[in-house]
Amino acid sequence: MSSFKQRMDEARGLVKIDMVLRRARLVNVFSGEIHETDIGVHQGAFVGIGTFAEAEKELDLCGKYVVPGLIDGHVHIESSHLCPEEFCSVLLSHGVTTAVVDPHEIANVLGSRGIQYILDSVNGLPFNTFVALPSCVPATDLETSGAHLKAKDLLQFVGHPKVIGLGEVMDYLGVIEAKQDMVEKLSLPVSFFDGHAPGISPQDLNAYFLAGIHTEHECSTVEEAKERLRRGFHVMLREGSAAKNLLDLLPAVTSQNSGQCLLVTDDRHPMDLLNEGSIDHLVRLAIKAGVDPIQVIQMATINAARAIGLSRLGAVAPGYQADFLVLNDLKSFAIEEVYWQGTKVSPKGERPKFPRSDASGLTESVHLTDWTPEKLRVFANSESKSLNHAQVQVIGVQDHSLVTRALIRELPVKDGVIMTDLTQKIAKLAVLERHHGTGNIGLGFVEGLGLTKGAIASTVAHDSHNLVVVGMSDEEMNLAIRTCVEMGGGLCLVDNHQIIGKLPLPIAGLMTDLDAETVAQNLAELHRLAVGLGINQMVDPFMTLAFLSLPVIPELKLTDLGLVDVEHFRLTKVVLES
Numbered sequence: 003m004s005s006f007k008q009r010m011d012e013a014r015g016l017v018k019i020d021m022v023l024r025r026a027r028l029v030n031v032f033s034g035e036i037h038e039t040d041i042g043v044h045q046g047a048f049v050g051i052g053t054f055a056e057a058e059k060e061l062d063l064c065g066k067y068v069v070p071g072l073i074d075g076h077v078h079i080e081s082s083h084l085c086p087e088e089f090c091s092v093l094l095s096h097g098v099t100t101a102v103v104d105p106h107e108i109a110n111v112l113g114s115r116g117i118q119y120i121l122d123s124v125n126g127l128p129f130n131t132f133v134a135l136p137s138c139v140p141a142t143d144l145e146t147s148g149a150h151l152k153a154k155d156l157l158q159f160v161g162h163p164k165v166i167g168l169g170e171v172m173d174y175l176g177v178i179e180a181k182q183d184m185v186e187k188l189s190l191p192v193s194f195f196d197g198h199a200p201g202i203s204p205q206d207l208n209a210y211f212l213a214g215i216h217t218e219h220e221c222s223t224v225e226e227a228k229e230r231l232r233r234g235f236h237v238m239l240r241e242g243s244a245a246k247n248l249l250d251l252l253p254a255v256t257s258q259n260s261g262q263c264l265l266v267t268d269d270r271h272p273m274d275l276l277n278e279g280s281i282d283h284l285v286r287l288a289i290k291a292g293v294d295p296i297q298v299i300q301m302a303t304i305n306a307a308r309a310i311g312l313s314r315l316g317a318v319a320p321g322y323q324a325d326f327l328v329l330n331d332l333k334s335f336a337i338e339e340v341y342w343q344g345t346k347v348s349p350k351g352e353r354p355k356f357p358r359s360d361a362s363g364l365t366e367s368v369h370l371t372d373w374t375p376e377k378l379r380v381f382a383n384s385e386s387k388s389l390n391h392a393q394v395q396v397i398g399v400q401d402h403s404l405v406t407r408a409l410i411r412e413l414p415v416k417d418g419v420i421m422t423d424l425t426q427k428i429a430k431l432a433v434l435e436r437h438h439g440t441g442n443i444g445l446g447f448v449e450g451l452g453l454t455k456g457a458i459a460s461t462v463a464h465d466s467h468n469l470v471v472v473g474m475s476d477e478e479m480n481l482a483i484r485t486c487v488e489m490g491g492g493l494c495l496v497d498n499h500q501i502i503g504k505l506p507l508p509i510a511g512l513m514t515d516l517d518a519e520t521v522a523q524n525l526a527e528l529h530r531l532a533v534g535l536g537i538n539q540m541v542d543p544f545m546t547l548a549f550l551s552l553p554v555i556p557e558l559k560l561t562d563l564g565l566v567d568v569e570h571f572r573l574t575k576v577v578l579e580s
């Protein structure tokens, strides 16, 4: 460590430093301008901008742009299906040098072991991974997860250098009603609390903010964003693979309030990561939509750092960590080089290769007991058994949204059993508890996926990650279920009573240690095959399926305990009275 005097001399340009960037066009996120300057780097940090006479290494940028390393303020590694090392490698190639990850997906399967796996995997990587401890495992009492984490269970991780916050607090009723378990978690000595409160009333937002929760990524309308901005929330503009809210929310962003806005991906699969990018993709979308490039870059860097409390990240300035990107132009935002702590980690989009952590103890996580396909039958009630049709509550899927609609439809009845309906493109949906062998199974129906034949199954089902399956026949759904069990978790497609595609995800039934390109190729093929089953080619079938069991986002969802009325946080009937 340099002495105080030595550091002063380095910043003043009086002594030799490690590296100087000559003739850089700096995107200055503090002053909101672009200006040409030299930039000094020493021992992994910026020492300043201006004039630096001597350096061990000089890099003449000839007017190229220098931008701070991008920050993803809220993301779940598990949703990429990639192991943490591969995920970080992909993000680095897209200019993301920092990510705040919430491991509640793997924690819902494996509890504390899952959190420890994430921490062990990212240790030593040239990437800033910060962990927000999962606040809601399980997310609600309307489903069965693989673990229950109380404040005392999370306390063992507090103090770890990578643990900085409490992850998305989905139980907003527990917060505003001051339930003991939630109060204890909000009393943990961490630096920030992440929000997740779709549908909360404007008045209740006051209490939610007062509890110390100051970020929100679940806004889907301009008015929701404005209500949060008015109360001081940092609003996360999200563009994932399933939920795409960025362009819808941009009208809420003004020059007066943009400092309270940041960019996040939340859930993004490897095809989108490789083909479009991560936060860099969001930057390009916003610039193309007409937002000033400097303002967008601020949202992707310094705004995120300030919202989360990362005091030495997100800017090119004295004392800040030397994470930066080199670009030829801002409009295309094509990244030429990525530096982390002053060291080049990704030239021209190349991905660094990282060794894998041991995940051998995290497999074999799918446990079904006494399973029989007869359990997939949905029976008409006593009043409608003699009829040809039954009134049923149906989950209505909406394009590019996690919010579903509560629909009422008439479905055909055969021998007292309610059937799927090809004419209405209504399929059967089932969620099977896969952690403890309880035998729980929730049954329902779904419209809007477009499925016309076959079945799709997955062990990636937010948030408890039970086994979710949708299909047009019980026999094909059963085959998809059994295939997921045999793989130890993963994705599966069935058509004409044959397995036509699958992707094993042996790590907690969520991830694989395969490289991103292989996973993306497999997923692309599965998506192509899903189109043959009737799925709209613009819909991500597995990501959409994963969120149909998320009982914290309105209106109807399905868990292993049954159909959930999310607005009232209660189970509701599938079959209505005739």
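The sequence shown begins at 3 in the numbering used here and counts up by one.
We treat Cβ as the ideally placed atom computed from N, Cα and C, and that holds for glycine.
All values derive from a computational prediction rather than experimental measurement.
- Secondary structure at LYS609, three-state DSSP: helix, strand or coil? Residue 609 falls outside the range modelled here, since the chain spans only 3 to 580, and no answer is possible.
- Query: Since HIS76 is in the beta strand (DSSP E), which residue starts that stretch and which ends it?
  - Reply: 72 to 77
- Message: Please report the straight-line C-alpha distance between VAL554 and MET184, rounded to a whole angstrom.
- Response: 16 angstroms
- With contact counted as at least three CB pairs below 8 angstroms, one residue from each stretch, are the stretch 557 to 574 and the stretch 518 to 536 in contact? no
- Query: Excluding five sequence neighbours on each side, which residues of the same chain lie with their C-beta closer than 6 angstroms to the C-beta of SER359?
  - Reply: ASP122 and SER123
- Task: Could you name each continuous beta strand (DSSP E) segment of 3 residues or more that falls completely within the stretch 375 to 399, going from the start of the chain to the end?
- Result: 391 to 398
- State the CB to CB distance for the pair THR440 and LYS430, rounded to an integer number of angstroms; the pair is presumed to be in contact (CB under 8 angstroms). The pair is not a contact, with the Cβ atoms about 21 angstroms apart (cut-off 8 angstroms).
- Task: On a CA-only basis, which of GLU145, GLY116 and LEU144 is nearest LEU156? Give me that one, please.
- Result: GLY116
- Query: For VAL368, which option in ALA382, GLU435, ASN305 and VAL68 has the closest C-alpha, if you only look at C-alpha atoms?
  - Reply: GLU435
- If you run the structure through DSSP and keep just helix, strand and coil, what is VAL298? helix
- Task: Decide if SER362 is buried, meaning its Cβ has at least 16 other Cβ atoms within 10 Å, or exposed.
- Result: exposed
- CYS486 - containing alpha helix (DSSP H), residue span: 476 to 489
- Rounded separation between THR485 and CYS494 - CA only: 7 angstroms
- Who are the near neighbours of GLY450 in its chain, counting only those whose CB is closer than 6 angstroms to its CB and skipping five residues on each side? GLY398 and VAL399
- Item | Nonlocal neighbours in the same chain, by C-beta distance under 6 angstroms from ILE51, ignoring five residues either side | THR39 and ILE41
- Message: How far does the alpha helix (DSSP H) with ILE281 in it extend, from its first residue to its last?
- Response: 281 to 290
- Item | DSSP beta-bridge partners of VAL165 | VAL133
- Item | Whole-Å CB distance - ARG233 paired with LEU251, under 8 angstroms assumed | ARG233 to LEU251, Cβ: 16 angstroms. No contact.
- Query: Mind checking whether VAL471 and ALA432 have CB atoms under 8 angstroms apart?
  - Reply: yes
- Query: With 16 other CB atoms within 10 Å as the buried threshold, where does GLY503 fall?
  - Reply: buried
- Closest Cα partner of HIS44 within the set ALA141, LEU175, TRP342 and ASN125: TRP342
- Query: What does a CB cutoff of less than 6 angstroms around LYS246 pick up in its chain, not counting 5 residues either side in sequence?
  - Reply: HIS402
- Output the boundary residues of the alpha helix (DSSP H) element that contains ARG14. 6 to 14
- Task: Using 10 angstroms around the beta-carbon of ILE73, count the other beta-carbons present and answer buried if the total reaches 16, otherwise exposed.
- Result: buried
- Message: For GLY316, count the other beta carbons within 10 Å of its own beta carbon; 16 or more makes it buried, fewer makes it exposed. Which is it?
- Response: buried
- Item | Close Cβ partners of ILE410 (< 8 angstroms) along its chain, the five nearest in sequence each way excluded | GLN393, VAL394, GLN395, VAL396 and LEU578
- Task: Please work out which residues of its chain come closer than 7 angstroms, Cβ to Cβ, to ALA149, disregarding the five sequence neighbours upstream and downstream, and give them in chain order.
- Result: ALA109, ASN110, LEU112, GLY113 and VAL139
- Query: Can you list, in chain order, the residues of its chain whose CB lies under 8 angstroms from that of HIS391, leaving out five sequence neighbours each side?
  - Reply: GLU412, LEU413, PRO414 and VAL415
- Task: Classify TYR322 as helix, strand or coil using the three-state DSSP reduction.
- Result: coil
- Could you tell me whether the stretch 368 to 385 touches the stretch 157 to 176, where touching means 3 or more Cβ pairs closer than 8 angstroms? no
- Query: Excluding sequence positions up to five away, which residues of its chain have a Cβ less than 6 angstroms from the Cβ of SER222?
  - Reply: ASN247
- Query: Between which two residues does the alpha helix (DSSP H) harbouring LEU619 extend?
  - Reply: The structure shown has nothing for residue 619, since the chain only spans 3 to 580.
- Give me the Cα-Cα distance between LEU550 and ALA463, rounded to the nearest whole angstrom. 8 angstroms
- Chain-order list of residues whose beta-carbon lies under 7 angstroms from that of SER280 (same chain, five-residue window excluded): ASP74, LEU93, HIS96, VAL98, THR267 and ARG270
- Message: Can you check which of these residues, HIS438, LYS59 and LEU61, is closest to LEU370 by C-alpha distance?
- Response: HIS438
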